[in-house]
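Below: one structure, written as structure tokens.
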Amino acid sequence: MAATVVHTVLNRKNYDDWSNQIETYMLAEDLLDVLHQVRPITEDEEISRAWKKKDAKALYAIWNSCGDDTYGLIKRATTAKQAWDALSDKLKKPNEPLDENEKKSVLQAYPPPIDHATKPPLEKEEGRTEGNDIPKLFAEYVKSNDWRNVINRLRMDSEEGSATLSFVRNGTVLHYAILNFKNCSVRIIKQLVELMKREDVVITDDDDLTALHLLIRDYPEEFEIAECMVTKNARFVTNSPPLFPVPLVVEAQEKTKGEIMARTLYSRTPHKELEVPYAAQLISLGFDYNRFDIARDLIQRYPKLAMDVDCNGNIPLVTLASNRLAFKSGSRLDLWENLIYYGINRIYQMKLTHESVQQFLPLMCKASEEILTSERSLSSYKRKKLEAALCVAAERGHVEYITHFLKDSLSPVLAVRNEKGQSLFQIAAESRHHKFYKLINDLDQSKIQEIVGNKDHFGNNMLHTVASITPLSQIDHIQGTVSQMQREVQWFKEVEKVAHPKDCESENKNNTTPRKLFTENHKELAKAAEKSIKGTATSCTVVGALIVTIMFAAAFTVPGENKGTTSHPTFLTNKVFTTFIVSDVISLFSSTTSVIMFLGILTSRYSEDDFYKSLPIKMMIGLVTLFLSIATLMIVFSCGLYIMLDGKSSIVIPSILLAGVPVTSFIGMQFPLFVELYISTFGGGIFDRI
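Right, dumping it as structure tokens:
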């Protein structure tokens with residue numbers, strides 16, 4: 001965007017100069033108040049209209065003075081204050097220096113202990129941007145996309161490759177080929193690069209952009225062209241325009257389709273030309289896009305980059321903590337996916353990601369050890385960022401992330417608090433991350449009680465935390481409201497086991513005990529669970545009663561006739577008939593048992609503790625016995641059909657096969673619920689699940 005109100009166009013490195021100029025402009029135009037104050041609440045329409053007008057004028061001034069790389073940070077802002085605060089948060093540097101290495105390259109900031117043999121970079125050449133006299137015919141060939149004649153002209157005179165073309169902002173034929181890539185091809189562009197002089201391929205246009213800049217901006221997936229350009233002249237990778245001084249490898253890494261392009265440029269970028277903030281930005285972007293190859297290489301070479309500030313004011317450790325898919329503990333896998341974690345390709349790729357993170361995470365954590373305990377002002381900003389990263393990791397359940405810190409920095413980690421005054425374990429409990437909370441078992445009893453009894457700014461200890469349902473409480477993935485209610489009761493009882501007795505009756509600032517808070521917050525969930533389990537039990541009772549009736553009648557209405565003298569069934573010695581009778585008895589008694597279990601559910605008190613074990617156990621017994629009765633009912637039907645239609649296999653076999661449909665349907669619909677209830681009820685508890 002063009003600057004129209006101040007001399008300086010805002011980029012990611014000149015915020016201080018730009019903000020001083022823009023504030024002076026706002027002061028001169030009587031707009032400074034809208035930058036620092038919210039819109040006043042008033043019924044006076046004239047005052048409100050005047051404020052809106054000033055706000056719109058100030059917002060337009062900010063928009064119009066931003067460069068392309070910074071406008072995206074505020075393009076959705078609706079007020080000048082929102083835009084100003086967003087730019088300040090992202091670009092303003094704190095009063096204390098963030099990092100003494102900010103202006104250094106990674107090699108200057110972290111010189112390797114061993115001098116690795118590296119190839120010296122090619123000499124830089126200035127290249128010509130003014131061009132020379134160009135034959136009109138050559139320009140016409142280029143403009144009409146007559147690439148055969150363009151290439152022939154370059155073969156005869158490579159000087160024409162340096163000619164500037166007015167219809168591409170005084171760029172070269174290479175600029176035009178990239179901009180008109182749809183009318184060109186990779187093969188043609190490669191030929192142009194080969195025929196042009198080495199110094200001509202890096203000529204810039206009126207925007208100080210080389211052809212490679214345009215390629216990365218518009219076609220980041222065309223890495224073969226980039227490789228050809230960089231091979232021709234290594235100066236490409238270090239040539240950045242003054243108004244947008246971001247290394248090309250960083251720009252490529254920011255693109256959704258730029259993974260291979262970034263990898264190609266990174267392999268050609270001298271580390272002495274890569275400043276620390278941009279190196280940190282490469283790592284952060286790698287974590288954002290799950291591209292760990294560049295990040296792994298940089299961290300293995302320079303582990304302390306994990307705690308350096310990137311171009312967005314973050315540190316790579318914070319970005320990694322925010323990536324839910326980077327850790328197995330943060331990737332929600334169902335029962336089957338856990339069992340085949342080493343099989344299916346998609347899950348295998350996920351596993352590779354997890355293993356990649358585990359390779360360099362210890363290096364990152366070790367590099368940040370001194371930050372948590374350092375009192376230097378230089379580290380205060382990084383310490384705040386690291387504490388924020390730990391809180392995010394706790395919120396997302398990244399057990400692997402926190403474990404590395406707990407090994408060597410137990411006390412500082414346990415002292416970390418979020419903005420609500422919650423410890424990491426309280427955050428994990430609120431988010432219902434049982435694997436994270438399980439780490440508390442590694443501490444001694446007194447430490448556990450101290451953590452559980454710790455109160456946040458609202459007077460809530462950990463029991464209050466698990467007694468509440470907040471937007472962070474992840475229970476929606478649990479199948480059925482009954483299982484959800486059971487899980488909530490389990491959480492409360494698990495924390496209650498390790499809590500000090502006084503903490504169980506402790507009141508928060510609203511004078512509410514944990515048990516009372518649990519009842520209040522779970523009232524709606526308990527009602528929904530009661531309605532759900534009643535509906536299931538009612539339906540299953542009807543089905544079970546029907547099966548009881550049918551099986552009772554079938555026991556005395558056997559296939560075939562009775563012998564006249566003994567009144568015994570004719571097929572009494574037939575094995576199929578024996579199967580018929582045994583299956584009938586099993587079906588009768590199992591259906592009767594299921595009806596009794598479901599009646600027990602219907603007559604329950606539906607208290608909170610009933611959802612802990614009583615109701616789930618009755619539901620499981622009812623489901624198993626009902627399934628058994630349905631399965632044996634189908635066996636009875638098949639045996640009766642076989643006896644009655646002996647010899648007519650064309651009818652018997654398809655009928656028997658169809659009899660399996662109800663059984664498999666029942667398994668498909670109810671088996672996941674049964675497994676969920678069984679594991680959570682009879683397993684090792686929610687902290688020992690798969």
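Residue numbers (full-length UniProt numbering): 1 to 690. For each residue, glycine too, the CB sits at the ideal point set by N, CA and C. The structure displayed is predicted, hence computed values, not measured ones.
Here Glu-29 is exposed. Its C-beta has fewer than 16 other C-beta atoms within 10 Å. Counting only residues of its own chain and dropping the five nearest sequence neighbours on each side, Ala-467 has a CB closer than 7 Å to the CB of Phe-492, Pro-514, Leu-517, Phe-518, Asn-521. Within the same chain, Cβ atoms closer than 7 Å to the Cβ of Asn-508 are found at Phe-458, Gly-459, Asn-460, His-464, the five residues on either side in sequence being excluded. Shown here, Leu-285 sits in a helix according to DSSP, grouped into three states. Per DSSP, Arg-235 lies in no alpha helix (DSSP H) segment and is marked neither H nor E. Taking the C-beta atoms as reference points, Tyr-15 is found nearer than 8 Å to Leu-91. Per DSSP, Arg-217 is one residue of the alpha helix (DSSP H) stretching across 211 to 218. Residue environment for Glu-488: buried (at least 16 other C-beta atoms within 10 angstroms of its C-beta). Shown here for Gly-421: same chain residues with a beta carbon closer than 7 Å to its own, the five before and five after excluded, namely Asp-456, His-457 in chain order. Counting only runs that start and end inside the segment 379 to 465, there is no beta strand (DSSP E) element of at least 3 residues. A buried status is given to Met-196, since no fewer than 16 other beta-carbon atoms sit within 10 Å of its beta-carbon.
The C-beta distance from Gln-281 to Val-250 rounds to 5 Å, short enough to fall under 8 Å. A distance of 8 Å or more separates the beta carbons of Val-5 and Ser-48. Taken through DSSP and simplified to helix, strand or coil, Gly-72 comes out as helix. Taking 8 Å as the cut-off, the Cβ atoms of Gln-449 and His-500 count as close. Annotation: the continuous alpha helix (DSSP H) that includes His-36 extends over 32 to 36.
Assignment of Cys-66 by DSSP, reduced to helix, strand and coil, places it in the strand class.
Secondary-structure assignment with DSSP links Leu-265 through no beta bridge to anything. With respect to Ala-252, Pro-277 sits apart: the two C-beta atoms are not nearer than 8 Å.
The C-beta distance from Ile-630 to Phe-598 rounds to 14 Å, too long to meet the 8 Å contact threshold.
In terms of Cα proximity to Ser-322, the closest of Lys-304, Leu-265, Tyr-266, Glu-387 is Glu-387. By the Cβ test, the segment 599 to 612 is not in contact with the segment 638 to 653, since fewer than three Cβ pairs between them sit closer than 8 Å. Distances from the CA of Gln-484 to each of Leu-677, Met-619, Arg-268 were compared; the closest alpha carbon is that of Leu-677. Secondary structure remark: continuous alpha helix (DSSP H) runs of at least 4 residues inside the UniProt domain "PGG" (531 to 643), in chain order: 575 to 602. Looking at Asn-233, Asp-17, Thr-592, Glu-254, the one whose alpha-carbon comes closest to that of Thr-541 is Thr-592. The beta-carbon separation of Asp-288 and Thr-319, rounded to 6 Å, stays under the 8 Å limit for a contact.
Comparing alpha-carbon positions, the option among Leu-192, Lys-648, Ala-262, Lys-143 lying closest to Lys-232 turns out to be Leu-192. Of the residues assessed, Asn-418 falls on the buried side of the cut-off, its CB having 16 or more other CB atoms within 10 angstroms. Excluding sequence positions up to five before and after Val-652, its CB lies within less than 7 Å of the CB of Leu-641, Tyr-642, Leu-645, all in the same chain and listed in chain order. Pairing Arg-296 with His-404, the inter-Cα distance amounts to about 17 Å.
By the neighbour-count definition (other C-beta atoms within 10 Å, threshold 16), Tyr-60 is an exposed residue. In the DSSP assignment, the residues bridged to Glu-275 are Ser-105.
In this structure the segment 198 to 208 touches the segment 156 to 176; the number of beta carbon pairs closer than 8 Å is three or more. Taking a contact as a CB-CB distance under 8 Å, the pair Tyr-401 and Phe-327 counts as one, their CB atoms being some 6 Å apart.
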